[in-house]
Ligand code: CMP
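Residue numbers (the working numbering): 5 to 145.
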């Protein structure tokens, strides 16, 4: 079990003014923020990050959207972090997300679904490393 996961507060949530409220949800859910960066992804970065979806019908739209404006990338820590964060954010499609989840409250569509969460411990490690060096994470300072 890995106690870290990777999160993105996506460009739609940033544009819609939900950055502060989503950070508050993260803190209220007892995640420790090990690292956070406000960035605007290049198209190339978005394509690299979502390479696993290359070839899927939504890949083009996804990478355009993810590079369309500022977003916040975060490394989070909590016991069983991957599962805990996926429970906190809710289903990928906000229409299916449970009440009280971040996507239910802040997402607008499947494509613009406010937040990202790693889907496995293995991917959490890879995704954190995509945006952060170990030295940038608080636990190591
Ligand atoms: P995310 O958890 O960031 O991982 C991949 C993203 O692709 C997903 O959230 C959705 O926002 C987006 N996406 C768009 N269309 C689809 C689809 N049909 N199925 C799954 N994900 C989709």
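Cβ coordinates follow ideal geometry from the N, Cα and C atoms, glycine included.
Simplified DSSP state of residue 204, which is helix, strand or coil: The structure shown does not extend to residue 204, since the chain spans only 5 to 145, so no value can be given for it.
Own chain residues within Cβ distance below 6 angstroms of residue 90, not counting five before or after: As a position in the chain shown, residue 90 is number 86, starting the count at 1. Answer for residue 90: 121, listed in chain order.
Range covered by the alpha helix (DSSP H) that runs through residue 68: Counted from its first residue, the chain shown places residue 68 at position 64. Unbroken alpha helix (DSSP H) run through residue 68: 63–70.
Residue 92 beta carbon less than 9 angstroms from that of residue 132: By one-based count along the chain shown, residue 132 stands at place 128. By one-based count along the chain shown, residue 92 stands at place 88. A distance of 9 angstroms or more separates the beta carbons of residue 132 and residue 92.
Exposure of residue 13, with buried meaning 16 or more beta-carbon neighbours within 10 Å: If you number the chain shown from 1, residue 13 lands on position 9. Under this definition residue 13 is a buried residue.
DSSP beta-bridge partners of residue 78: Taking the chain shown and counting its residues from 1, the one referred to as residue 78 is at position 74. Residue 78 is bridged by DSSP to 11 and 40.
Extent of the continuous beta strand (DSSP E) to which residue 119 belongs: As a working note, residue 119 is residue 115 in the chain shown. Under the DSSP assignment, residue 119 falls in the beta strand (DSSP E) whose first and last residues are 119–121.
beta-carbon residue 14 near the ligand COA non-hydrogen atom, thresh 8 angstroms: Because the ligand COA does not appear in the structure shown, any question about it cannot be addressed here, the ligands present being the ligand CMP.
For residue 58, three-class secondary structure by DSSP: Counting from 1 along the chain shown, the entry for residue 58 is found at position 54. Of the three classes helix, strand and coil, the one that applies to residue 58 here is coil, per DSSP.
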